[in-house]
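*Asks:* Numbering (mature numbering (1 follows the signal peptide of the UniProt record, and there is no 0)), first residue to last: -20 to -1, 1 to 235.
Beta carbons are placed, not taken as given, at the ideal position from N, Cα and C, and that holds for glycine.
Have a look at this one before I ask anything.
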Amino acid sequence: MHLTNTLVPFLLTLASPALAAEGVISKDGLGTAIGGALDPTVTPAPKPAVGAAPAVAGPLTIAVTNSFGAGLSISFQHDSGSSSAINNPTPGPLGGATTIIYPSGWAGRIAVGKVMSVINSGSKIEGSFSLPTYQPNIDVSYVDGYTIPITCSCGGSVVTGCNHPLFADPITCANEGPGPICYNPLCASDQAEGTAAAPFFEPCRGAAYTYPNDSGCNVDYVSCCVGSTCPAPAKQHGKRSLVGGHRQREAVDAV
């Protein structure tokens, strides 16, 4: 069979993987947590919250379940120079659940939201599985902005994230965008551990990254849940209750 110049590129397209399925991000442009999974500077890895986490060379699996009660969108990005996902995830609708498998050497993020146009600026799962230890490191970040609640579990325990539906509170977002999304005013700041988050983000301070220095997760299987009905980590310092028909914030004792 003689292949024409028109047919050859067509066949190569069919045989090639979707190279553009996972976006590429530059470390210089990350609005990530200081000390978090995608900190551009070299920082010590956070201690495992559950047991000891050995260094592993096998794949890292991140399972994302949609418990939001409505259809969402999901996007995937990896750092420039890092490995991409093994199973070539495609950005688009997130129905019930999806699973992403990453090789050693990966660093990147998974963003989930209602509107694809601003998805990478809102709630996200950030992770790395690279040198020097090849210990998986995962955190939930609202540093850039917040769209929906996310929590992640390791070894059966919820260790990072925040299940508060922040838009259900009477606290107004200072910089709201379509979706809606609340852009975090502390995104570019250099806050120290323990500094108060912006008022809209305050109930999630210390549970999800809400200013650039808040925890992590070091195992090779991570289960993340999207929605306010997802289990909350013990370090989540506030709860919400209906008082007089309005959602109010209440402090709770640390567990």
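1. Among 114, 138, 157, 85, which residue has its Cα nearest to the Cα of residue 101?
2. State the DSSP-derived secondary structure class of residue 182, mapped to helix, strand or coil.
3. Under a Cβ-count criterion, where at least 16 other Cβ atoms within 10 Å of its own Cβ denotes burial, should residue 60 be classed as buried or exposed?
4. Within 10 Å of its beta-carbon, does residue 76 have 16 or more other beta-carbons around it, so buried, or fewer, so exposed?
5. Work out the CA separation of residue 141 and residue 82 for me, nearest whole Å.
6. Is the beta carbon of residue 206 closer than 8 Å to that of residue 92?
7. Cβ of residue 103 within 8 Å of Cβ of residue 66?
8. Taking residue 64 and residue 87 to be in contact with their CB atoms under 8 Å, please state how far apart those CB atoms are, rounded to whole angstroms.
9. Can you say whether residue 121 is buried or exposed, counting buried as having 16 or more other CB atoms within 10 angstroms of its CB?
10. When we look at the beta-carbon of residue 241 and count the other beta-carbons within 10 Å, is it buried (16 or more) or exposed?
11. Check for me: the beta strand (DSSP E) holding residue 140 runs from which residue to which?
12. Taking Cβ positions, are residue 71 and residue 1 nearer each other than 8 Å?
13. Measuring alpha carbon to alpha carbon, tell me which residue in 214, 209, 216, 39 is nearest residue 116.
14. Taking residue 55 as the reference, which of 48, 133, 105 has the closest Cα?
15. If you reduce the DSSP assignment to three classes, tell me which class residue 66 lands in.
16. Would residue 214 be called buried (16 or more neighbouring beta carbons within 10 Å of its own) or exposed?
17. Beta-carbon within less than 7 Å of residue 49's beta-carbon, same chain only, minus the 5 sequence neighbours each way: which residues are those?
18. According to DSSP, is residue 48 helix, strand or coil?
*Replies:* Well, looking at it:
1. Among 114, 138, 157, 85, the Cα nearest to that of residue 101 is on 157.
2. Correct three-state label for residue 182: helix.
3. It counts as exposed.
4. Exposed, since its Cβ has fewer than 16 Cβ neighbours within 10 Å.
5. So the two alpha carbons sit approximately 21 Å from each other.
6. Yes; because the gap between Cβ atoms is below 8 Å, this pair is in contact.
7. Against a cut-off of 8 Å, the Cβ pair of residue 66 and residue 103 comes out as no contact.
8. About 11 Å separates the beta carbons of residue 64 and residue 87, which is beyond the 8 Å limit, so they are not a contact pair.
9. With a 10 Å radius around the Cβ and a threshold of 16 neighbouring Cβ atoms, residue 121 comes out buried.
10. The displayed coordinates of the chain run from -20 to 235. Any statement about residue 241 would go beyond what the structure contains.
11. In the DSSP assignment, residue 140 falls within the beta strand (DSSP E) that extends over 137 to 142.
12. It is a contact, given that the beta carbons lie within the stated cut-off.
13. From the listed residues 214, 209, 216, 39, the smallest Cα separation to residue 116 is found for 39.
14. The closest CA to that of residue 55, considering only 48, 133, 105, is found on 105.
15. Here residue 66 sits in coil by DSSP.
16. It counts as exposed.
17. Here the set comprises 207.
18. Of the three classes helix, strand and coil, the one that applies to residue 48 here is coil, per DSSP.
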